[in-house]
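The listed protein sequences derive, respectively, from chains L and A.
Going by numbering that gives the first Met the number 0, the first residue of the first sequence is number 0, and it counts up by one from there.
Going by numbering that gives the first Met the number 0, the first residue of the second sequence is number 0, and it counts up by one from there.
Backbone N, C-alpha and C fix where the C-beta goes; we use that ideal spot for every residue, glycine too.
I have placed the structure first, in the form of structure tokens, so that the comments after it can refer back to it.
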Amino acid sequence: MSTPILAPPPASPPAPASASPAPEAFPDFEEDLGALARRHGLTVSGARPTLPEYVRQLWGRRHFITAFATARLTAQYSQARLGQLWQVATPLLNAAVYYFIFGVLMNTKSGVPDFVPFLVTGVFIWTFTAGTIMAGTKAVSGNLGLVRALHFPRAGLPIALALQQLQQLVFSLCALVVILFCFGVTPDWSWLLAVPALLLQALFNTGLALVMARIAARTPDVAQVMPFLLRTWMYVSGVMWSVQHVLAHNHLPHALLLALECNPAAVYIDLMRFALIDSFTSAQLPPHVWAIATGWALLAFVGGFIYFWQAEETYGRG
Amino acid sequence: MAETRTNESAPVVPETAPVVPAAGGRVPTVVVDDVHVTYTVQGAARSGRGGATGALSRLLSRRPAADAPGSGTRTVHAVKGVSFAAYKGEAIGLIGSNGSGKSTLLKAVAGLLPPSRGRIHTQGQPSLLGVNAALMGDLTGERNVVLGGLAMGMTREEVRARYDEIVDFSGINEKGDFISLPMRTYSSGMGARLRFSIAAAKSHDVLLIDEALATGDAAFRARSQERIEELRAHAGTVFLVSHSNSTIRETCDRALWLEAGRLLMDGPADEVIAAYERG
């Protein structure tokens, strides 16, 4: 209070809200506030936009989404001495661990030719799905500060984090190519099939990230359960063993067989193996594999997007 | 919730009457109608039993947190039935003791914390002056300028056009090339200056300013005070939360006094502050 107190004594001690507004200064106060707002064409703050409008807003923020994803990716290893080298080194180390345990220690080649490329492809492709889902789980609940400070369609957060995982996968794929070379797999025209397969998988992952983002925004505890669910999912998805081999040698109930074959994670993993590894032939793929892959991708993405949008106005309440 | 929404979704409001100025020619920009805001706070168990059992019951119950007893969550009723209308050209100060709900109300007006009851009507998209949350300490200052600008809804071209202006305003580069260093290496004053410079780079319809923006040394404080005045001149309505009564007196013509989530007094800034100071 550096200024001398002018103190035009208003003589009105703190009164209950209803009596307080100075009547002559704010004459409109007494009228119905809702009617006043409508009369002047004000819009309800924080209301959920329509779905087409939401998509349009999201498109308008595409530069923020890509910048956010890249920033997260860059920030990740910025404190490490080797810096961005870890982008490639981490997946390579991961592959080495799996190779040591399953290839050397347990020697579970399970009758699969080119076992190491088979295993490493499986691990990397699975990591893409698992990583995206985990990132989606924390997309809203882990960025509440951002949600509570700035306006943007909240779907931008899970989508940006999914994009970050896709960028990370590109680094992993560089490592994968090196490993494939080392184990005698040569480039082929069929490698081009990896592009549509990865795009479908990315769509599928983003859809799941959107779903998990909404659930975890409501119940953050889901983040604690997800690792267990994901690990279970990994073991049934044929990351370290061939689904087709098991199906051929065991007499499982038909419904279970169908579930194992149509498991989206297994479908995307096997599509990548089919694209990259020569000894992995189309005989090891379930019938209508591209239709299944496309179906899962569209179902997850469209469904996930609508599901996330439906709670748009509630994000940030904590 | 981009700023473009207003024009598009305006027809949703049934405009029975043409837009005419209110009595006295005043146009409302923000109408807050009996608004309640509640927070759910996780990990706030009273009895200390919020651990495993609490987590389990939270997972099992479909209803969120607050309804599961002993689950370690509590609901905080931060704003309790506040109503007022703000008009074009007004600068409104929010005063009240710590935890009285000022910042929460500001966030609700900005549409960032949805009211649990009541409605907030606004003209255009009110924006909170602040981008802190979007910035990343591990990134360089220059990348943060771009990221912060994009986060506020600027296009890449706008960011590029204003980049030099933002950096110059912050004065970060006055003592060497600091803008290319990661932000975590900045002193707290430098960081605050860059954050303010990014936040103040965009003009808004309804501007909401939370306290403690004018940080830094005396020269920077003068510059930022000037910038706030400029923003005020361009914005239709300005809300300012501050614990400094003299700041409110200088910048605002109207004040709202909040206490424990309730609106205690609403009137000309001088009168409200005088009453507030008397306790």
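Of the residues assessed, Q86 of chain L falls on the buried side of the cut-off, its CB having 16 or more other CB atoms within 10 angstroms.
Beta bridge pairing from DSSP links K79 of chain A with A:H35.
P125 of chain A is positioned such that its CB atom lies no closer than 8 Å to that of G315 of chain L. Within the same chain, and ignoring the five residues on either side of I64 of chain L in sequence, the residues whose Cβ sits closer than 7 Å to its Cβ are G155, I158, A159, L162. Within the same chain, A159 come within 7 Å of F67 of chain L by CB-CB distance, once the 5 residues on both sides are set aside.
The C-beta of V78 of chain A comes no closer than 8 Å to any C-beta of chain L. Within the model, the alpha-carbon separation for L193 of chain A versus S179 of chain A is close to 13 Å.
Across the region 114-132 of chain A, CB contacts with chain L closer than 8 Å involve P114, S115, R118, I119, H120, T121, Q122, Q124, P125, S126, L127, G129, V130, N131, A132, in sequence order along the chain. S241 of chain L and V111 of chain L have their alpha carbons spaced roughly 7 Å apart. For K106 of chain A against V240 of chain A, the beta-carbon gap comes to about 10 Å, at or over 8 Å, which does not count as contact.
Under the DSSP definition of a beta bridge, P181 of chain A partners with A:T139. Looking at the DSSP output, T121 of chain A sits in a beta bridge with L:T42, A:V29. In the three-state DSSP reduction, R73 of chain A falls in the strand class (E or B). Put simply, the region 132-150 of chain L does not touch the region 250-265 of chain L. Fewer than three CB pairs are less than 8 Å apart. Within the same chain, and ignoring the five residues on either side of L179 of chain L in sequence, the residues whose Cβ sits closer than 6 Å to its Cβ are P116. Bounds of the alpha helix (DSSP H) holding M211 of chain L are 193-217.
Using beta-carbon distances, Q78 of chain L counts as an interface residue toward chain A, with a partner under 8 Å. Interface annotation for the region 150-176 of chain L against chain A: H150, F151, P152, criterion Cβ-Cβ distance under 8 Å. The region 224-236 of chain L makes contact with the region 261-269 of chain L; the number of CB pairs closer than 8 Å reaches 3 or more. Within the same chain, L146, G147, A150 come within 7 Å of A133 of chain A by CB-CB distance, once the 5 residues on both sides are set aside. For the region 223-235 of chain L, the set of residues with a beta-carbon nearer than 9 Å to any beta-carbon of chain A comprises Q223, V224, in chain order. By the rule that beta-carbons nearer than 8 Å mark a contact, A216 of chain L does not touch chain A.
Distances from the CA of F203 of chain L to each of L:A264, L:P219, L:V146 were compared; the closest alpha carbon is that of L:A264.
In terms of Cα proximity to G123 of chain A, the closest of A:I171, A:K201, A:T154, A:V205 is A:V205. Contacts with chain L (Cβ-Cβ distance below 9 Å) from the region 78-92 of chain A involve G80, V81, S82, F83, A84, Y86, listed in chain order. With a cutoff of 8 Å on beta-carbon distance, G88 of chain A and R261 of chain A are scored as not near each other. In summary, H39 of chain L is buried, with 16 or more beta-carbon neighbours lying within 10 Å of its beta-carbon over all protein chains present. Chain-order list of chain L residues neighbouring V145 of chain A: A66, by C-beta distance under 7 Å. In this structure, DSSP gives T236 of chain A an extended state, which the three-state scheme calls strand. G188 of chain A counts as exposed, since fewer than 16 other C-beta atoms from the protein chains shown sit within 10 angstroms of its C-beta. Three or more Cβ pairs closer than 8 Å define a contact, and the region 90-98 of chain L falls short of that threshold against the region 162-180 of chain A.
Secondary structure at R116 of chain A: strand, using DSSP grouped into helix, strand and coil. Boundaries for M264 of chain A: no alpha helix (DSSP H) harbours it, while the beta strand (DSSP E) harbouring it runs 261-267, taken from the DSSP string. If you draw a straight line from the Cα of C173 of chain L to the Cα of P48 of chain L, it is about 41 Å long. Identification of chain A residues near E312 of chain L by a Cβ-Cβ cut-off of 7 Å yields P113, ordered along the chain. Cβ-Cβ distances below 7 Å link L175 of chain L to V119, T120, F123 in the same chain, with the five nearest sequence neighbours on each side left out; the list follows chain order.
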